[in-house]
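Numbering (my numbering), first residue to last: 61 to 774.
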């Protein structure tokens with residue numbers, strides 16, 4: 061019989077930064093029954109913060125400073141809303157109802173990669189309810205009790221064919237609110253639409269920070285993909301942006317038009333912007349072309365044009381040359397030509413087991429700035445892992461006005477108990493022969509270290525190679541969750557794709573799963589000037605309101621006017637940062653197969669990584685299926701990839717699977733009424749030996765192995 065190892069994990073970090081204007085450190089801890097952190101430092105005065113979470117009577121109980129998501133079912137364009145709270149929270153699940161309650165105060169949170177803290181402000185009470193009325197219909201309610209009351213309720217409906225609709229109404233900060241939204245996602249096109257009515261002083265919750273914008277009035281985004289390599293996007297979005305806690309809000313809008321072509325080694329993109337803010341009209345355009353000249357040389361050219369109000373128009377030409385010498389070493393040259401001057405910059409990256417150095421240039425389009433709205437920034441990152449679990453990080457950021465900001469911090473993992481530390485008595489331990497394994501990567505395929513995942517109740521973390529592994533006692537489908545609030549790596553993330561449920565399989569034949577995340581760069585939070593506050597805040601997508609969003613405990617960047625000019629989103633294919641969702645249109649083709657392979661079996665202790673390790677990964681593309689009612693991700697890699705007919709008779713069970721070469725991902729879409737539900741490989745075990753089993757044994761096996769709706773007589 062296998063024995064589970066028990067122990068404690070501690071993470072120590074400390075550092076200093078002129079970018080954050082902060083100095084301090086923190087201690088994080090993870091055990092079987094609880095986890096949390098304690099941080100202290102200097103940031104506009106002495107700051108202190110702490111957080112702890114534990115299980116209590118089947119519920120999750122939390123204490124201290126926490127980032128609490130505030131998402132509505134009508135949020136289809138911006139799912140980033142949250143606020144910082146200091147108090148006691150309780151998350152309960154009672155049948156089809158999830159209840160989150162909180163009592164305490166709003167908090168002025170501060171955070172850096174190496175410590176977090178908070179400062180209590182106004183008293184507040186929360187009651188968030190989510191009730192699943194049916195597999196397709198969900199009821200949600202968000203209630204805030206404070207100096208200004210908020211109460212918003214609504215319905216969210218979702219079909220398996222990629223359609224989703226929602227309606228909500230109520231009040232926020234004593235201001236009226238009404239919203240409706242609609243989303244339809246197909247291989248050929250994607251349509252998002254929403255209309256929101258909100259009072260001039262509407263806020264979901266009244267806090268000094270973060271001062272994030274609300275989607276306002278008419279909003280639509282349409283993407284057409286006539287071929288796998290060609291995409292067109294047209295969109296309009298409106299914003300309601302508060303300057304301070306009590307001031308009037310400002311409305312703005314932006315129209316966007318884009319076309320993208322990507323085939324083989326060639327990529328082309330053109331984008332047009334037209335924004336209106338406080339009566340000032342601004343227009344911008346960017347044209348980009350990229351090509352692999354040789355197998356080791358990639359060239360990208362960009363043409364940028366911008367005209368804002370009565371200011372002179374601005375034109376710039378950018379050229380980027382990237383040479384890939386080896387998987388570990390690459391060089392970068394950046395040439396910029398604007399009226400009157402030409403600049404040449406150099407960069408590159410080097411990655412090894414102990415040292416990582418990266419120098420990058422980023423081009424930003426800032427729709428709410430006046431004058432030149434295209435900015436270029438230099439980012440330098442240095443990471444040293446000398447031995448064991450110790451790591452040291454140094455980063456610099458050159459602001460658009462030429463000033464250099466830096467951040468330096470270091471940390472280590474410490475283990476106590478059976479996982480490390482002083483040796484104890486010898487214990488015979490056996491391992492379960494079934495496992496779930498995979499890798500956590502970003503959109504560019506780079507591994508993410510320290511990501512937290514819950515696999516059928518067990519929490520595991522990705523190591524320095526991004527791999528994770530969980531051993532199971534038996535084969536079967538298990539639930540996979542991404543715990544965004546328990547990451548032990550700095551920064552904020554949102555889920556792009558994460559299959560659920562997943563199957564535990566024998567170790568020698570287990571398939572690898574792929575979890576794709578996006579690092580979120582939130583707007584800064586320390587300055588409330590119009591230019592800074594109009595930057596759109598980005599927070600992680602916390603999932604459908606039918607399941608209460610995961611609460612995050614990692615505070616975002618502080619508000620500072622330099623980092624307020626960070627982009628809204630990133631186009632990773634073109635080295636050009638552009639707003640909203642244009643970054644998605646070049647990778648949503650019908651046959652956009654992606655595979656990230658890493659077959660090395662790693663040990664976290666030997667590699668100096670996180671607490672767990674190992675695995676391979678494969679991303680299976682979309683083939684026109686739909687979202688699973690059981691909670692599978694709506695990302696292409698998590699959709700159904702085959703069709704099946706099932707015929708159940710008293711004497712035998714027979715399956716016929718089409719597209720069998722694609723059925724290895726684990727999900728098969730049925731097309732007959734009898735075969736409704738999900739059909740996995742484990743369901744076919746009965747069909748392998750029908751002649752060797754009696755009718756009684758076969759009927760009993762079919763009832764045990766098949767989903768309820770596939771059993772004989774259903």
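Beta carbons are placed, not taken as given, at the ideal position from N, Cα and C, and that holds for glycine.
On a predicted model such as this, the values are computed, not experimentally measured, just so you know.
Subject >> residue 399 versus 513, 133, 376 and 196, residue with shortest Cα-Cα distance >> reply: Residue numbering aside, residue 399 sits at position 339 when the chain shown is read from its first letter. Cα-wise, what sits closest to residue 399 is 376.
Subject >> Backbone secondary structure at residue 732 - three-state DSSP >> reply: The count along the chain shown starts at 1 and reaches residue 732 at position 672. Because residue 732 carries a pLDDT of 38, less than 50, the predicted location of this residue cannot be relied on, and the following value inherits that uncertainty. DSSP places residue 732 in coil when its eight states are reduced to three.
Original post:
Cβ atoms of residue 125 and residue 111: under 7 Å apart, would you say?
Top reply: Locating residue 111 in the chain shown gives position 51, where the first residue counts as 1. Locating residue 125 in the chain shown gives position 65, where the first residue counts as 1. The answer is yes: Cβ separation under 7 Å.
Subject >> For residue 77, three-class secondary structure by DSSP >> reply: Here residue 77 refers to the residue found at position 17 when the chain shown is read from its first residue. Reduced to three states, the DSSP call for residue 77 is strand.
Subject >> Identified DSSP bridge partners for residue 474 >> reply: One-based indexing of the chain shown puts residue 474 at position 414. In the DSSP output, where bridge partners are listed per residue, residue 474 has 70.
Subject >> Delimiting residues of the beta strand (DSSP E) encompassing residue 221 >> reply: As a first step, residue 221 is located in the chain shown; it is residue number 161 there, counting from the start. From DSSP, residue 221 is part of no beta strand (DSSP E); its letter is neither H nor E.
Original post:
Is the distance from the Cβ of residue 442 to the Cβ of residue 404 below 7 Å?
Top reply: Translated into positions along the chain shown, residue 442 becomes position 382. Translated into positions along the chain shown, residue 404 becomes position 344. Going by C-beta atoms, residue 442 is not nearer than 7 Å to residue 404.
**OP:** Take the Cβ of residue 278 as the centre, count every other Cβ of all protein chains shown within 10 Å, and call the residue buried at 16 or more, exposed below.
**Re:** Taking the chain shown and counting its residues from 1, one reaches residue 278 at position 218. The residue in question, residue 278, is exposed, as its Cβ has fewer than 16 Cβ neighbours within 10 Å.
Original post:
Expressed to the nearest angstrom, what Euclidean distance is found between the alpha-carbon atoms of residue 474 and residue 198?
Top reply: Looking up residue 474 in the chain shown gives position 414. Looking up residue 198 in the chain shown gives position 138. Approximately 43 Å between the Cα atoms of the pair.
Original post:
Looking at the structure shown, is residue 546 part of a helix, part of a strand, or coil, going by DSSP?
Top reply: Position 486 of the chain shown holds residue 546. Residue 546 falls in the helix class under three-state DSSP.
Subject >> Short Cβ contact (7 Å threshold) for residue 276 with residue 299 >> reply: Numbered from its first residue, the chain shown carries residue 276 at position 216. Numbered from its first residue, the chain shown carries residue 299 at position 239. Yes, these two residues count as a Cβ contact at 7 Å.
Subject >> residue 541, DSSP secondary structure in three states >> reply: Position 481 of the chain shown, counted from the start, is the residue given in the question as residue 541. Residue 541 falls in the strand class under three-state DSSP.
Original post:
Expressed to the nearest angstrom, what Euclidean distance is found between the alpha-carbon atoms of residue 194 and residue 226?
Top reply: Counted from its first residue, the chain shown places residue 194 at position 134. Counted from its first residue, the chain shown places residue 226 at position 166. Distance between the alpha carbons of residue 194 and residue 226: 15 Å.
Original post:
From this set, 556, 492, 530 and 229, which residue's C-alpha is nearest residue 572's C-alpha?
Top reply: In the chain shown, counting from the first residue as 1, residue 572 sits at position 512. Of the candidates 556, 492, 530 and 229, the one whose C-alpha sits nearest the C-alpha of residue 572 is 530.
Subject >> Burial state of residue 354, where buried means 16 or more other Cβ atoms lie within 10 Å >> reply: Stepping through the chain shown from its first residue, residue 354 is reached at position 294. Looking at its Cβ environment, which holds fewer than 16 other Cβ atoms inside 10 Å, residue 354 is exposed.
Original post:
Do you know offhand how far residue 517's Cα is from residue 559's?
Top reply: Position 457 of the chain shown, counted from the start, is the residue given in the question as residue 517. Position 499 of the chain shown, counted from the start, is the residue given in the question as residue 559. Each residue's alpha carbon lies about 16 Å from the other.
**OP:** Return the CA-CA distance between residue 213 and residue 232, expressed in angstroms with no decimal places.
**Re:** Locating residue 213 in the chain shown gives position 153, counting from the first residue. Locating residue 232 in the chain shown gives position 172, counting from the first residue. Cα to Cα, the separation comes out at about 11 Å.
Subject >> 7 Å Cβ shell around residue 119 - same chain, five flanking residues per side excluded >> reply: Within the chain shown, numbered from 1, the residue matching residue 119 stands at position 59. Only 150, 151 and 152 meet the Cβ criterion.
Original post:
Which whole-angstrom value is the C-beta distance of residue 189 and residue 204, which I expect to be below 8 Å?
Top reply: Locating residue 189 in the chain shown gives position 129, counting from the first residue. Locating residue 204 in the chain shown gives position 144, counting from the first residue. Actually they do not touch by this definition, with Cβ atoms about 13 Å apart.
Original post:
What's the call for residue 266, buried or exposed, on a 16-neighbour Cβ count within 10 Å?
Top reply: In the chain shown, residue 266 corresponds to position 206, counting from 1. Result: buried.
Original post:
How many angstroms separate the CA atom of residue 238 from the CA atom of residue 257?
Top reply: Numbered from its first residue, the chain shown carries residue 238 at position 178. Numbered from its first residue, the chain shown carries residue 257 at position 197. Going by the C-alpha atoms only, they are around 5 Å apart.
Original post:
Hey, how far is the Cα of residue 563 from the Cα of residue 492?
Top reply: The sequence position of residue 563 within the chain shown is 503, counting from 1. The sequence position of residue 492 within the chain shown is 432, counting from 1. C-alpha separation (whole angstroms): 14 Å.
**OP:** Indicate the three-state DSSP secondary structure (helix, strand or coil) for residue 276 in the structure shown.
**Re:** Mapped onto the chain shown, residue 276 falls at position 216. If DSSP states are grouped into helix, strand and coil, residue 276 belongs with coil.
**OP:** With a 10 Å radius around its C-beta and 16 neighbouring C-beta atoms as the bar for buried, classify residue 93 as buried or exposed.
**Re:** Mapped onto the chain shown, residue 93 falls at position 33. Per the 10 Å Cβ criterion, exposed.
Subject >> Among 349, 352, 341 and 345, nearest to residue 370 - alpha-carbon criterion >> reply: Looking up residue 370 in the chain shown gives position 310. Selected option, being the one with the closest Cα: 341.
Original post:
What does DSSP give as the partner residues of residue 508 in its beta bridges?
Top reply: Position 448 of the chain shown, counted from the start, is the residue given in the question as residue 508. Beta-bridge pairing links residue 508 to no other residue.
Subject >> residue 235 beta carbon less than 7 Å from that of residue 262 >> reply: As a working note, residue 262 is residue 202 in the chain shown. As a working note, residue 235 is residue 175 in the chain shown. A contact, by the Cβ cut-off of 7 Å.
Subject >> Contact set for residue 146: own chain, Cβ-Cβ below 6 Å, skip 5 residues either direction >> reply: Within the chain shown, the letter at position 86 stands for residue 146. Closer than 6 Å at the Cβ level, and outside the excluded window around residue 146, lie 125, 164, 165, 167, 178 and 180.
Subject >> Beta-carbon gap between residue 332 and residue 319 smaller than 7 Å >> reply: The count along the chain shown starts at 1 and reaches residue 332 at position 272. The count along the chain shown starts at 1 and reaches residue 319 at position 259. Not closer than 7 Å, so no.
Original post:
The beta strand (DSSP E) with residue 174 in it runs from where to where?
Top reply: Taking the chain shown and counting its residues from 1, the one referred to as residue 174 is at position 114. That residue, residue 174, is in no beta strand (DSSP E); it is neither H nor E in DSSP.
Original post:
Are there 16 or more other CB atoms within 10 angstroms of the CB of residue 553, so buried, or fewer, so exposed?
Top reply: For the purposes of this step, residue 553 is taken as residue 493 along the chain shown, with counting starting at 1. That one is buried.
Subject >> Cβ neighbour criterion (16 or more within 10 Å) applied to residue 387 >> reply: As a first step, residue 387 must be located in the chain shown, where it is residue number 327. Exposed, because fewer than 16 other Cβ atoms sit within 10 Å of the Cβ of residue 387.
Original post:
residue 565 by DSSP, collapsed to three states: which one?
Top reply: Position 505 of the chain shown, counting from 1, holds the residue named residue 565. Of the three classes helix, strand and coil, the one that applies to residue 565 here is strand, per DSSP.
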